[in-house]
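Undergrad: This is the structure I have questions about; it appears just below.
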Amino acid sequence: MKALLVDTAGERPVMVPGEHPDPVAGEKELLVAVKATAVNRADLAQKAGKYPPPEGASPLLGLEMSGVVEQTGREVTRYRPGDRVFGLLPGGGYASHCVIHEELAMPVPEAFSFEQAAAVPEAFLTAWQALTWLGEAREGERVLIHAGASGVGTAAIQLAKQRLGCAVAVTVGSVEKADLCRKLGADLAVIYKQEDFREVIAGTWGPAGIDLIIDPVGAPYWERNIDLLGMDGRLVYLAFMGGSGVDEVRLGSLLRKRLTVRGSTLRNRPLVYKIDLTKDFQAKNMDLLANGQLQPVIDSVFDWTEAEKAHQRMEQNLNAGKLVLTGF
Ligand SMILES: NC(=O)c1ccc[n+]([C@@H]2O[C@H](COP(=O)([O-])OP(=O)(O)OC[C@H]3O[C@@H](n4cnc5c(N)ncnc54)[C@H](OP(=O)(O)O)[C@@H]3O)[C@@H](O)[C@H]2O)c1
C-alpha cells in the first residue's frame, strides 16, 4: 500500500511517499481505506526518533484518520464495508490503509467531509479527557487554556463553552490566533508575547480566579499557573513544549488552595481506556458535532505527498487548528 515513510538519509529526517506492507484486520478490527489523516506533534517526535510507537502498534506515523471500511474482522458487529468511520489510532494513519478496533471507530457525521472528520479525534478526545475526566470542569467555572489556537486548544475552547458552560481564557502567540479563539468562544485571549497573562487574567477575573488550567507549555508557566488557581483548582499538563525543568517550586499554595496537578498521555493508554473515552465523547458530544455547534478547526489541507511541508508548518508554530493530509 501507499504510505509515508521517514527518510533518515539527509541532515534531518523527512517524510517521503513510499510503500509499506498492507495491514491485516484482527477479529474485532476494521480494515479502512484512509481518506484523510492529520498531523500531531507526536508525529514530529516519532519522526525524530524520540517517540517510539507503543508495542504492537504500526511502525508508521499517524494517530488519527477518517476513511471507508473495506473489510471487517470475523467478530465485528458494528460496521460493514462501505461505512464512513473516523477515530484514534496508536499509529499507522499515514497510509492508504489502516486497521482500527471497531469500538475506537465512530461513524462520520453525515454533513462532515473526510477532512473534517480526520481533524477531530486527537484534538477533541484529548481536550474532552483533559477538561472532564482529568480536570473535572463544571458549569460556570473559569478555565484557562494555554496554546489556545492549537488543535487541542481550539477543541477545548469549544467544548468548555458549548458543552460545559465554562468561561474561557486562552493564551496565544499572535493577534490572528487571538481573533480565532474569540470567534470560537473564548471570553479572554491574551497574546503572551505582548502581555503577561497573569496580570491580564488577574486584572479581569481576580488574582486567583481560575478553576482549571489545561497546559501543554510547562515550566515557564508553572508559577503563574499556580498563582492564578483558586481554591480546589486543577492544573492538567498535556505536554512541556516550553520545557519541563522548574528551578524552584514553592509547595505552600498546593496545600493552602487544595490544588490538584495532573499529567496525562493518550497514545500509551490501554485500549479499554481509549474505547471508554471514545464512547463517552461520542455519547456527550456527537449531537453538537453533527449539528455544527462544535467544529474542527482546519488550518490547511495538504496532499499526502507534501506531508513534510505540513510538518514544517507545525514545527514553526504557524498552524491555527489542524493540519490535514489527504489523497492517499
Ligand atoms: N498528553 C496528551 O494526551 C496529548 C494529546 C495530544 C496532544 N498533546 C500535546 O498538546 C500540545 C498541543 O498539541 P496540538 O497538536 O494541538 O498542537 P499544535 O496544533 O501544533 O499547536 C501548538 C501551538 O502551541 C504554541 N506553542 C508552541 N511552543 C510554545 C511555547 N514554548 N510556549 C508557548 N506556546 C507554544 C504555538 O502556538 P502560539 O503561536 O500560540 O505560540 C503552537 O502553534 C502538543 O504539545 C501535543 O504534543 C498531548
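In numbering that gives the first Met the number 0, the protein residues as written are 0 to 327. Beta carbons are placed, not taken as given, at the ideal position from N, Cα and C, and that holds for glycine.
Mapping DSSP to helix, strand and coil, what is Phe85?
TA: strand
Undergrad: If you reduce the DSSP assignment to three classes, tell me which class Leu276 lands in.
TA: helix
Undergrad: Using a Cβ-Cβ cutoff of less than 6 Å, which residues in the same chain neighbour Tyr283 once the five nearest sequence positions on both sides are dropped?
TA: The question names Tyr, but residue 283 is Lys in the sequence shown. Within the same chain, Lys283 has no close Cβ partners at all.
Undergrad: Starting from Cys180, trace the alpha helix (DSSP H) both ways and give me its first and last residue.
TA: 174 to 183
Undergrad: So, with DSSP's three-state summary, where would you put Gln14?
TA: Looking at the sequence shown, residue 14 is not Gln but Met. Strand, per DSSP.
Undergrad: Output the distance between the C-alpha atoms of Cys97 and Asp21, rounded to the nearest integer angstrom.
TA: 8 Å
Undergrad: Quick check: what's the CA-CA separation for Gly17 versus Asp6?
TA: 10 Å
Undergrad: Quick one: residues in its chain with C-beta nearer than 6 Å to the C-beta of Gly72, no 5 flanking neighbours on either side, listed in chain order?
TA: Ala24, Gly25, Glu26, Lys27, Glu28
Undergrad: Could you pull out every residue in the same chain whose Cβ sits closer than 6 Å to the Cβ of Ala238, ignoring the five residues on either side in sequence?
TA: Pro215
Undergrad: So, with DSSP's three-state summary, where would you put Ala333?
TA: This structure cannot speak to residue 333, because the chain is shown only from 0 to 327.
Undergrad: Considering only C-alpha positions, which residue in the set Ala207, Lys34, Ala154, Ser65 is nearest to Thr125?
TA: Ala154
Undergrad: Kindly identify the DSSP beta-bridge partner or partners of His100.
TA: Glu28
Undergrad: Does the beta-carbon of Pro89, which I'm using as the reference point, lie nearer than 8 Å to any heavy atom of ligand 1?
TA: no
Undergrad: Just how far apart, CA to CA, sit Lys49 and Asp42?
TA: When rounded, the distance between both Cα atoms is 10 Å.
Undergrad: Would you kindly work out how many angstroms separate the C-alpha atoms of Val189 and Lys176, rounded to a whole number?
TA: Here the alpha carbons of Lys176 and Val189 stand approximately 10 Å from one another.
Undergrad: Leaving out the 5 sequence neighbours to the left and right, which residues in its chain are closer than 6 Å to Ala56 when beta-carbon positions are compared?
TA: Pro89, Gly90
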